[in-house]
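Numbering (full-length UniProt numbering), first residue to last: 1 to 380.
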């Protein structure tokens, strides 16, 4: 299940769904794509999008509701997203591979409750007014302001304190375009932030030192997914390097994909240290996935954005319950990329088998119970 990008019925992630359907056919799964707008509630049917691998084209037809739903609906400030929420509420009895989680601020508050995860969280607060800015900018040389519901590096600002007491402000607008940097005084900062309408809608967060020698920022995307046995397993982790003058490393914003090992070697000069970092990042990912699922309910995958500071300590920047996986294709890790596509399907098969076994077991129990109770008195 996804959302249309516009009123012209353009599917979000069409390329990904095409690959997913091709892989589903190999596994014997009948898969199709739909949005909440395609649902006919009265007739209990869906006007679905089908991809035909042999013909290489998309078709549409009416079909019944699926047995399992893979929810890929990302936040949009639109009526389409509100329709998605109504669909989830109306059809809550259906089996979903995943479920919505909290926004950035809510998720930070949840993760901060864990003594094992808390040391890996940058100082973060919901921005209320300029006093929050004053507090953070005096305690941290670099700070970020991020939309609570934002995705893909949109609308992010970075403020850096300069040796002369002024502040260097950089960012990206809601269309991911780089905003012309400005040098401001502390008194000018509140006015700048007011023009971005950040109060109540943004987080203010400690910046982690993650610049390469050439000044470009970088981070890592860890993808952890449920496997065909219903267990969490790290699929892969890749590095992302932002373009020059960018404060973000997102691929959609022009970032460059690079293998985790190669990127770590640019900063760490010990193979033993690199493997230690990899191990700690993987363990952190599993801890987060189990913790989040334990609280919010079933999930099938998580994308975790991580920064590594100069000492090698990992910091959790953001969670994405509906992550992309193209970064692995870009760095040439074909096997990892294919695994990233197939794992939600393998988990769906496992989940379907569990549901089938559970239903059969319930029917047997009911038959045994009925047999023990015998005929109802007064009935022939």
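Yeah, the Cβ is synthetic: ideal placement off N, Cα and C, and Gly gets one too.
Owing to the predicted nature of the structure, the values given are computational and were not obtained by experimental measurement.
Within the same chain, Cβ atoms closer than 7 Å to the Cβ of residue 185 are found at 166, the five residues on either side in sequence being excluded. Taking C-beta atoms as the reference points, residue 245 and residue 156 fail to come closer than 8 Å. According to the DSSP assignment, residue 292 belongs to no beta strand (DSSP E) but to the alpha helix (DSSP H) extending over 271-296. Scanning its chain for C-beta atoms nearer than 6 Å, with the 5 sequence neighbours on each side dropped, one finds around residue 158 the residues 144, 170, 247, in chain order.
Burial state of residue 62 is exposed, judged by a 10 Å Cβ sphere holding fewer than 16 other Cβ atoms. DSSP places residue 305 outside any alpha helix (DSSP H); the residue lies instead in the beta strand (DSSP E), whose first and last residues are 301-308.
Residue 5 and residue 222 have their C-alpha atoms some 26 Å from each other. Assignment of residue 236 by DSSP, reduced to helix, strand and coil, places it in the strand class. In this structure residue 181 touches residue 168 by the C-beta definition: roughly 6 Å separates them, less than 8 Å.
Within the segment 2-74, the complete alpha helix (DSSP H) segments at least 4 residues long are 14-26, listed from N- to C-terminus. Judged by DSSP in its simplified three-state form, residue 325 adopts coil rather than helix or strand. Taken in chain order, the whole alpha helix (DSSP H) runs of length 4 or more contained in the segment 142-195 are 189-195.
Remark: C-beta atoms of residue 120 and residue 284 approach each other more closely than 8 Å.
Assignment of beta-bridge partners to residue 258 by DSSP yields 239. The C-beta of residue 35 has 16 or more other C-beta atoms within 10 Å across all chains shown, which makes the residue buried. Here residue 240 is buried. Its C-beta has 16 or more other C-beta atoms within 10 Å.
If you look at residue 132, you'll find it in the alpha helix (DSSP H) that goes 130-139. A residue is called buried when at least 16 other Cβ atoms come within 10 angstroms of its Cβ; residue 89 does not meet this threshold and is exposed. Beta-bridge annotation (DSSP): residue 345 is not paired with any residue.
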